[in-house]
Amino acid sequence: MDLSLVIPLLNEEESIPELHAWIGRVLLPTKWTYEILFIDDGSQDGSWKVIQRLEQEDKRVKGIRFQRNYGKSAALNTGFALVTGDVVITMDADLQDNPEEIPEMVNMIREQHYDLVSGWKKKRLDPTLTKNLPSKFYNWTVRLMSGIPLHDFNCGLKAFRLDVVRSIEVYGDMHRYIPVLAKWAGYHKIGEKVVQHQERKYGISKFGIERFIRGPLDLMSVIFISKFGKRPMHLFGPLGVLFFIIGFLILAWLSYQKLVVLEYGIADRPIFYFGILALIVGTQLFMTGFLAELISRSADNRNEYLIKDRVGC
Ligand code: UDP
Ligand code: MG
């Protein structure tokens, strides 16, 4: 199979048939063999019926239906595990991502050997205040923290080589950070293509203000897990030791003052409390590191070591 399309959707019944027809028109001249996997993320409308109908008409269409709404990341992750095309495309179902971009993105993977090509909605057709401005700030932050020079991390339209999607685990709301996940998985050739963006034709956006809270928290998780997920002690250990030493030195010095210099009123000094606090915080951090280490060792580590190559089996 040359190409797999993974399309997560939540209540997009009006858009799906149009999107399917449009993809068909675009891919017809390429002669590529392809599959379209729709992941119905717990839609309440007739989306699943539409997918069932399309599957009857076109054998390249496949569908997964979630029991409930698990989120776009879960949908993508499930799709990534099931598709088999050499190149994998993700796109939104709401007709905001333009299928005409697909052939060139696929060629960037096939001929220019990119691991991942991310769409860039250079001229974005969404509400300016609620979407475009926050997204500029967000992209700037992620660019700075990840060192990946992309303009638009969270574009739904992306192309991957199959092994890239198989190597990353998208959960929570991590779909916003897929290029970061790919980079941490060892894929550094990340490209960008300016893509046409459409205004939403039917329905409404599925992401409300909760993304302002979840987005930054997930970014911290991405950074923490990708850097220290397998070795939490390396983060908590030094911090804990540092605080412990500071606290210990302060209290040792105060004890000396009290016991040897025979000074009074030691307990009235602010630094006395700071010393105690630092000692406790230090111990806590160290213990947190130990616990995190224990948890990460006993957790299901199926994805811990990725095998790049094999011979003879
Ligand atoms: N989506 C999904 N599950 C969710 C939320 C969204 O599968 O919980 C799908 C949605 O149907 C669409 C894509 O993810 O195909 C992008 O969502 P949306 O268009 O609402 O995001 P926006 O373009 O407003 O950022
Ligand atoms: Mg949209």
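Residue numbers for the sequence shown follow this note's numbering, so the first one is 1 and each next one is one higher. Ideal placement from N, C-alpha and C gives every residue a C-beta, glycine not left out.
**Report entry** Contact belief for D2 with W32 at Cβ below 8 Å, rounded distance in angstroms
**Finding:** Residue 2 sits at position 2 when you count from the first residue of the sequence shown. Residue 32 sits at position 32 when you count from the first residue of the sequence shown. That belief holds up - the Cβ atoms of D2 and W32 are roughly 4 Å apart, short of 8 Å.
Query raised in the report: Contact between the segment 166-173 and the segment 66-73: three or more CB pairs below 8 Å?
Result: Judged by pairs of C-beta atoms under 8 Å, the segment 166-173 touches the segment 66-73, as three or more such pairs exist.
Requested in this report: Could you check what DSSP says for K72 in three-state terms: helix, strand or coil?
Outcome: The sequence position of residue 72 within the sequence shown is 72, counting from 1. Helix.
Report task. Excluding the 5 residues preceding and the 5 following M233 in the sequence, name in chain order all residues of the same chain whose CB lies nearer than 8 Å to its CB. Result -> For the purposes of this step, residue 233 is taken as residue 233 along the sequence shown, with counting starting at 1. Same-chain partners within the cutoff: G289, F290, A292 and E293.
Query raised in the report: Taking Cβ to Cβ, would you say E13 is nearer than 7 Å to V50?
Result: Within the sequence shown, the letter at position 13 stands for residue 13. Within the sequence shown, the letter at position 50 stands for residue 50. In this structure, V50 lies closer than 7 Å to E13 by Cβ.
Report task. Would you mind working out which of I39, F274, Q67 and L125 sits nearest H197, comparing C-alpha positions? Result -> Here residue 197 corresponds to residue number 197 of the sequence shown, with the count starting at 1. H197 has its Cα closest to that of L125, out of I39, F274, Q67 and L125.
**Report entry** Residue environment, I209, which counts as buried when at least 16 other CB atoms sit within 10 Å
**Finding:** Within the sequence shown, numbered from 1, the residue matching residue 209 stands at position 209. I209 comes out exposed.
Requested in this report: Assign S167 to one of three DSSP states: helix, strand, or coil.
Outcome: Numbered from 1 along the sequence shown, position 167 holds the residue referred to as residue 167. Looking at S167 - three-state DSSP - the assignment turns out to be helix.
Requested in this report: With hydrogens ignored, establish whether the beta-carbon of D45 is closer than 6 Å to any heavy atom of the ligand MG.
Outcome: Taking the first residue of the sequence shown as position 1, residue 45 is located at position 45. No, the Cβ of D45 stays beyond 6 Å of every heavy atom of the ligand MG.
Query raised in the report: Near G275, which residues of its chain fall below 6 Å by C-beta distance, leaving aside the five closest residues on each side in sequence?
Result: The count along the sequence shown starts at 1 and reaches residue 275 at position 275. Answer for G275: G247, I250 and L251, listed in chain order.
Query - the ligand UDP site residues, beta-carbon cut 6 Å against heavy atoms - result: Output, sorted by chain position: P8, L9, L10, E12, D41, N69, G71, K72, A75, D92, A93, D94, Q96, G156, S205, K206 and F207.
Requested in this report: Verify the contact flag: N11, CB atom, against every heavy atom of the ligand ZN, threshold strictly below 6 Å.
Outcome: As far as ligands go, the structure on display features the ligand UDP and the ligand MG and does not contain the ligand ZN.
Query raised in the report: Below 7 Å between beta carbons: does that hold for F243 and L254?
Result: Looking up residue 243 in the sequence shown gives position 243. Looking up residue 254 in the sequence shown gives position 254. No, the Cβ-Cβ distance between F243 and L254 is not below 7 Å.
Report task. Give the DSSP-derived three-state secondary structure of A185 in the structure shown. Result -> The count along the sequence shown starts at 1 and reaches residue 185 at position 185. In the structure shown, the three-state DSSP call for A185 is coil.
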